[in-house]
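Q: Below is one structure. I have some questions about it.
Here's what the structure looks like:
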């Protein structure tokens with residue numbers, strides 16, 4: 004599916020007719036594109052659209068490169084983040100002249116919220132580079148929200164671990180099982196977000212280089228710097244969160260070990276009494 008947007012009174016407007024509005028289109032969003040749709044965009048812009056397999060390659064040279072006059076940047080982004088096991092998949096952003104092309108095979112929330120906002124409010128997104136930086140800012144805001152939620156949930160797990168526990172062994176065992184599951188899910192989430200932020204760090208560095216080469220506006224270059232700082236700060240926070248989760252895992256396993264030792268002592272005393 005291809006969604007194309009034109010600028011209308013400093014706002015983005017969805018257009019259904021690429022043939023008629025091609026000269027005015029500033030953003031083409033390819034979601035699960037077919038071969039025919041890829042060929043259509045390639046013919047329109049004169050650039051090669053990366054395949055899904057190429058997008059999934061992990062080499063830096065495969066994710067950040069210049070080809071046919073277009074600047075290609077790929078980052079791994081989460082979707083379905085309401086759960087603790089988000090769907091992680093690469094998204095490619097391509098700047099071709101004054102246009103932005105995005106290629107994706109899942110639906111990060113920012114790709115829903117950003118166009119809706121840009122259609123209603125004059126956000127200054129009137130060209131490929133300004134749309135790209137606005138979209139990246141929305142993505143980073145979403146990642147920050149995920150980390151904030153994960154932080155609150157990790158704090159709740161911490162309280163559960165260190166609060167007074169049930170005296171019934173069966174209840175304690177169930178508690179420990181649930182805690183271990185919760186800790187594992189939060190570590191998966193934090194790790195996924197951290198991987199996404201690392202890919203965005205690299206993308207932001209490459210974009211800063213592109214901004215200098217293509218003489219993007221001073222405002223866009225300043226926003227790229229701010230974006231880079233925000234991504235670095237969030238990456239540090241994600242690392243801290245992972246370290247805290249590791250501590251909680253160690254603490255939980257230690258408490259399980261103490262429980263097991265106590266049970267062994269009870270059986271040892273009972274064995275002495277009855278022998």
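Numbering (my numbering), first residue to last: 4 to 278.
Just so you know, even glycine gets a beta-carbon here, dropped at the ideal spot from N, CA and C.
All values reported here derive from a predicted model rather than from experimental measurement.
Assess, as a yes-or-no matter, whether the segment 47–67 is touched by the segment 91–107 under the definition of 3 or more beta carbon pairs within less than 8 Å.
A: With a cut-off of 8 Å on Cβ pairs, the segment 91–107 is in contact with the segment 47–67, counting three or more such pairs.
Q: What number of angstroms, rounded off, separates the C-alpha of residue 247 from the C-alpha of residue 256?
A: 14 Å
Q: Please name the residue, chosen from 156, 238 and 97, that lies closest to residue 184 on a Cα-to-Cα basis.
A: 156
Q: Out of curiosity, what's the CA-to-CA distance linking residue 32 and residue 9?
A: Approximately 12 Å between the Cα atoms of the pair.
Q: Suppose the cutoff is 7 Å on Cβ atoms and the five residues either side in sequence are ignored; what does the same chain contact list for residue 96 look like?
A: 76, 103, 105 and 135
Q: Taking just the CA atoms, how far does residue 74 sit from residue 213?
A: 8 Å
Q: Taking just the CA atoms, how far does residue 189 sit from residue 178?
A: Straight-line Cα distance between these residues: approximately 16 Å.
Q: If residue 244 sits next to residue 186, beta carbons under 8 Å apart, how far is it from one beta carbon to the other, in whole angstroms?
A: Residue 244 to residue 186, Cβ: 12 Å. No contact.
Q: What separation, rounded to the nearest whole angstrom, lies between the Cα atoms of residue 180 and residue 195?
A: 23 Å
Q: Is it buried or exposed, residue 148, if we count other Cβ atoms within 10 angstroms and call 16 or more buried?
A: exposed
Q: Need the endpoints of the beta strand (DSSP E) that residue 218 sits in, please.
A: Segment: none, residue 218 is in no beta strand (DSSP E) and carries neither H nor E.
Q: Report back the beta-carbon spacing between residue 141 and residue 201 to the nearest angstrom; my notes put them in contact at under 8 Å.
A: Residue 141 to residue 201, Cβ: 19 Å. No contact.
Q: Which residue comes first and which comes last in the beta strand (DSSP E) that contains residue 11?
A: 5–11
Q: Check each candidate in 100, 218, 123 and 210 and name the one with the smallest Cα separation from residue 49.
A: 100
Q: Going by DSSP in three states, residue 27 sits in which element: helix, strand or coil?
A: DSSP, read as helix, strand or coil, puts residue 27 in coil.
Q: Under 8 Å, do residue 93 and residue 78 count as touching if we go by C-beta distance?
A: Against a cut-off of 8 Å, the Cβ pair of residue 78 and residue 93 comes out as a contact.
Q: Is DSSP giving residue 19 helix, strand or coil here?
A: coil
Q: Please name the residue, chosen from 164, 210, 222 and 150, that lies closest to residue 198 on a Cα-to-Cα basis.
A: 150
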